Each structure stands twice: as structure tokens, then as C-alpha cells.
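To convert, take the position in the sequence shown, counting from 1, and add 255; that gives our numbering.
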Amino acid sequence: MMLRAFALSLTLLTGLLSGFAQATVLQRPISLDTGNGELFGSLLLPKSDTPVPVVLIISGSGPTDRDGNNPEGGRNDSLKRLAWVLAKHNIASVRYDKRGVAASLAATPNERNLSVEAYVADAVAWSHKLAADPRLGPLILLGHSEGALIASLAAPQANAAAVISLAGSARPIDQVLRQQLGNRLPPPLMLRSNELLDSLKAGRPAPNVPPQLQVIFRPSVQPYLISLFRQDPAQAFAALKMPALIIQGSHDIQVSVDDARQLKAAKPDAELALIEGMNHVMRIVPNDVKRQLASYKDPNLPLAAELSTRILGFIGTLAAR
């Protein structure tokens, strides 16, 4: 009976402590009036008597939302879970829906009007808003996948204290697409795909897109691709003057370890963290296609432990630099 009573007391105490820990983190919606549409996001702010570091989390390509979820790829809550890891270690964060996505759809409802430059301007505007908040200290830009490019381009104007590239490509994205499509398309379609890529790379809209390639090269997305293909991720990363951290998983089926090494070569003073077994959605998953794809739709899988360790360690050293 005494053992059962002790176990019950311990369970109640654990619940109370857990509730107290959550109560010390302020979770609020946050919005930004860009002057060209309103963007919506989520703020996690640990309770503190002094300003805390804040991470602006920038999501990846397409309709990926603030939590790291994509209606075309599934719900995994990768960025949401990462934000909570930060909050529990006294680091604030803001993650937001990009213009044209989820709650921020109305800011740019027609994808013909999207551009890398607009995404960068939005990241800079968010950064300025956070810099004006007395509760917040040093700003770190963290970009996942294509968001890593946006973070690199925005950081100088945002006066960021640091940049974290998480699963970011080092190569221009047209090169990445050529490689990915080359492994999947039959020769006639690959030939047409290369012609479309050549046209967009040269800044020209590409007509006559075959039905099989519409999902990638549909006319409405071509203006965005033209703006994207102008960018050189390694060059943007090399131009950064602030501390930077590169994180890449060995089991990422979308971005390779070679990309991470190229980013490191472009900015030799950046830290490089290669996480064994981690995939694109930050989970430890076997290098098996079925298991990989399943992880994109499983929000209950824990984040890779080393991911948290490396990010927290990097942010913890910023004050000493």
C-alpha cells in the first residue's frame, strides 16, 4: 500500500512539474504587416527576467507551413517540435507561414507573384520586428531545406547574430532538379525537362510543358523558379560574416552530405554537424524508401537527439564569441 501511495504521489508530482514547465513558456500567435499582405506565425517565449535568444525558423519549399508540414508531403511537425525543444532550453522562437501558404495564403494568393526576393524581404521584416521586442536578445536565423537559402540571403540585412543551415543545398536548385529528375524520368521526358530548365535558368518562361512535368514546371510556378534559379546557395552562405552552423543528416534523401561539405568549403569558419542516420525531416530513420516516406507523415517520431544537442550547443557559445 505504501509503495502504491508513493508511486501515485510521484506520478502527481511529475505531472505538476511538467505542467509548471509548460506554464513557463508563453505560446502566442504573432503576425506581421508587411505593407504587402499580413503574415501569421507562432511565438514561443520562455519566461525570463532577462532577454533570451530568439530563433526565426524559416520553412522549406512549396506549401510547407510553419510547423514543417506540407499538404503534398504529409504532417510530421518537425519545425514545431524543434521550436519546443528550443523553448524548453530558454530559447525563444518564431515560426511563420510564408506568404501564399496556410494562414498567410491571402498575402499572395496567386503563386505567379511569389519570388525568392519577397521571401527574403519577409524574413528581414520579421527580424526587425523581433529586434524591437525588449524581451528578445540575439537573433538567429534557422532555415530548413530551401529556407536555408532564404536565411543566408536575409541574414546580412536582418543583422542576425548567427545562421543555421538545416538540410540546405549548396548547389543552385536547377542543378539539384536535373540530378533528381535524371534518376526518375525516361530519356524523352528528361530531354524536355532539361530544355525547360535551360529556359528558366536563362530567365525565360518555358511554354509547352508536358502533362507529366506540370507538377514541377506548371506556368504559374515558373516566375518563382526563375527567381530561385538565379540564386547560388554556396555563394550566399560564403558571404555571411556572422557565425554559422551547417547541419546535415546522412540519411536525407533530398539533400546530400556533399552539399553540407560544399557549404563548409564555401565558409570554412562555419561549424559542420553531420548526423548519422538523420533524414530530411530530422528523424533517425533507416535508409529505406518506405520507412523514409512514412516518417514524413509521422509527427510522433522523436527528433534526432544530436540535432538538439548541436543547435543548443551552438547557440550557447554565441555569447562567448
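We put the CB at the ideal spot given by N, CA and C, even for glycine. These numbers were taken from a predicted model, which means no experiment stands behind them.
Candidates the options, of which the one nearest residue i by Cα
{"i": "glycine 571", "options": "Ala417, Glu401, Leu281, Arg350", "result": "Ala417"}
{"i": "alanine 338", "options": "Gly392, Leu385, Val309", "result": "Val309"}
{"i": "serine 550", "options": "Glu450, Pro460, Asn324", "result": "Asn324"}
{"i": "arginine 336", "options": "Gly568, Ala559, Phe569", "result": "Ala559"}
{"i": "aspartate 288", "options": "Ser563, Asp377, Gly458, Leu451", "result": "Asp377"}
{"i": "aspartate 429", "options": "Leu452, Ala347, Val536", "result": "Leu452"}
{"i": "asparagine 555", "options": "Ala380, Met537, Leu518", "result": "Met537"}
{"i": "asparagine 365", "options": "Arg354, Tyr374, Val371", "result": "Arg354"}
{"i": "leucine 444", "options": "Val464, Leu334, Asn331", "result": "Val464"}
{"i": "glycine 290", "options": "Ala362, Ile566, Ala406, Asp332", "result": "Ala362"}
{"i": "isoleucine 439", "options": "Gly423, Leu294, Leu468, Ser303", "result": "The amino acid occupying residue 439 in the given sequence is arginine; isoleucine does not appear at that position. Selected option, being the one with the closest Cα: Leu468."}
{"i": "arginine 426", "options": "Pro389, Gly504, Leu404, Leu334", "result": "Leu404"}
{"i": "glutamate 372", "options": "Ala347, Gly402, Asp543", "result": "Gly402"}
{"i": "glycine 458", "options": "Gln486, Val470, Val544, Glu526", "result": "Gln486"}
{"i": "threonine 305", "options": "Asp388, Leu562, Ser424", "result": "Asp388"}
{"i": "glycine 292", "options": "Leu360, Gly329, Ile471", "result": "Leu360"}
{"i": "glutamine 490", "options": "Leu527, Ile471, Asp514, Val470", "result": "Asp514"}
Cα-Cα separation between residue i and residue j, rounded to whole angstroms
{"i": "histidine 202", "j": "alanine 357", "result": "Outside the shown range of the chain, which is 256 to 576, sits residue 202, and nothing can be said about it."}
{"i": "alanine 575", "j": "leucine 495", "result": "19 Å"}
{"i": "glycine 568", "j": "arginine 283", "result": "26 Å"}
{"i": "proline 442", "j": "asparagine 449", "result": "10 Å"}
{"i": "serine 286", "j": "lysine 552", "result": "27 Å"}
{"i": "asparagine 345", "j": "valine 540", "result": "28 Å"}
{"i": "valine 375", "j": "arginine 546", "result": "34 Å"}
{"i": "glycine 398", "j": "proline 411", "result": "14 Å"}
{"i": "valine 476", "j": "arginine 367", "result": "6 Å"}
{"i": "aspartate 524", "j": "leucine 298", "result": "31 Å"}
{"i": "valine 379", "j": "serine 407", "result": "11 Å"}
{"i": "lysine 343", "j": "threonine 279", "result": "9 Å"}
{"i": "lysine 519", "j": "asparagine 414", "result": "21 Å"}
{"i": "alanine 276", "j": "proline 474", "result": "Per-residue confidence for alanine 276 stands at a pLDDT of 42, beneath the threshold of 50, marking its modelled position as unreliable; no derived number is given."}
{"i": "lysine 456", "j": "serine 303", "result": "48 Å"}
{"i": "arginine 565", "j": "isoleucine 502", "result": "8 Å"}
{"i": "glycine 328", "j": "valine 544", "result": "14 Å"}
{"i": "serine 454", "j": "arginine 330", "result": "34 Å"}
{"i": "glutamine 517", "j": "serine 314", "result": "21 Å"}
{"i": "proline 466", "j": "proline 460", "result": "17 Å"}
{"i": "glutamate 561", "j": "leucine 396", "result": "19 Å"}
{"i": "proline 462", "j": "leucine 527", "result": "41 Å"}
{"i": "proline 557", "j": "proline 326", "result": "21 Å"}
{"i": "valine 307", "j": "glycine 392", "result": "5 Å"}
{"i": "serine 264", "j": "alanine 409", "result": "At serine 264, the pLDDT of 39 sits below 50, so the modelled position is not reliable; the number obtained from the coordinates is stated separately. Rounded to whole angstroms, serine 264 to alanine 409 spans 51 Å at the Cα level."}
{"i": "isoleucine 471", "j": "alanine 422", "result": "21 Å"}
{"i": "leucine 548", "j": "leucine 573", "result": "36 Å"}
{"i": "glycine 504", "j": "serine 563", "result": "13 Å"}
{"i": "aspartate 320", "j": "leucine 294", "result": "12 Å"}
{"i": "asparagine 542", "j": "aspartate 322", "result": "24 Å"}
Identity of the residues DSSP links to residue i by a beta bridge
{"i": "alanine 499", "result": "Val418"}
{"i": "histidine 399", "result": "Leu421"}
{"i": "alanine 342", "result": "DSSP, once it has assigned bridges, lists no residue as partnering alanine 342."}
{"i": "asparagine 325", "result": "Gly329"}
{"i": "proline 284", "result": "Ser297"}
{"i": "methionine 533", "result": "Ile539"}
{"i": "glycine 504", "result": "Ile530"}
{"i": "alanine 347", "result": "Val309"}
{"i": "leucine 556", "result": "DSSP lists no partner for leucine 556."}
{"i": "leucine 451", "result": "The partner list for leucine 451 (beta bridge, DSSP) is empty, contrary to what the question assumes."}
{"i": "leucine 394", "result": "Val309"}
Nearest-angstrom beta carbon gap, residue j and residue i [assumed within contact, 8 Å]
{"i": "serine 382", "j": "leucine 394", "result": "6 Å"}
{"i": "phenylalanine 484", "j": "lysine 522", "result": "Not really, about 22 Å apart at Cβ, beyond 8 Å."}
{"i": "glycine 317", "j": "tyrosine 351", "result": "So it is not a contact: roughly 15 Å between Cβ atoms."}
{"i": "leucine 385", "j": "leucine 311", "result": "7 Å"}
{"i": "leucine 300", "j": "arginine 390", "result": "6 Å"}
{"i": "leucine 341", "j": "serine 333", "result": "Actually they do not touch by this definition, with Cβ atoms about 13 Å apart."}
{"i": "serine 424", "j": "proline 488", "result": "5 Å"}
### Task
Determine contact between the segment 431-441 and the segment 518-534, defined as no fewer than three beta-carbon pairs at a distance below 8 Å.
Between the segment 431-441 and the segment 518-534, the count of C-beta pairs closer than 8 Å stays below three; the two stretches do not touch.
### Message
With a threshold of 8 Å, are at least 3 pairs of Cβ atoms found where one atom belongs to the segment 508-521 and the other to the segment 471-484?
### Response
Taking 8 Å as the limit for Cβ pairs, the verdict is that the segment 471-484 does not touch the segment 508-521.
### Task
For the segment 496-503 and the segment 408-425, state whether three or more C-beta atom pairs, one from each stretch, are separated by less than 8 Å.
Of all C-beta pairs linking the segment 496-503 to the segment 408-425, three or more are shorter than 8 Å, placing the two stretches in contact.
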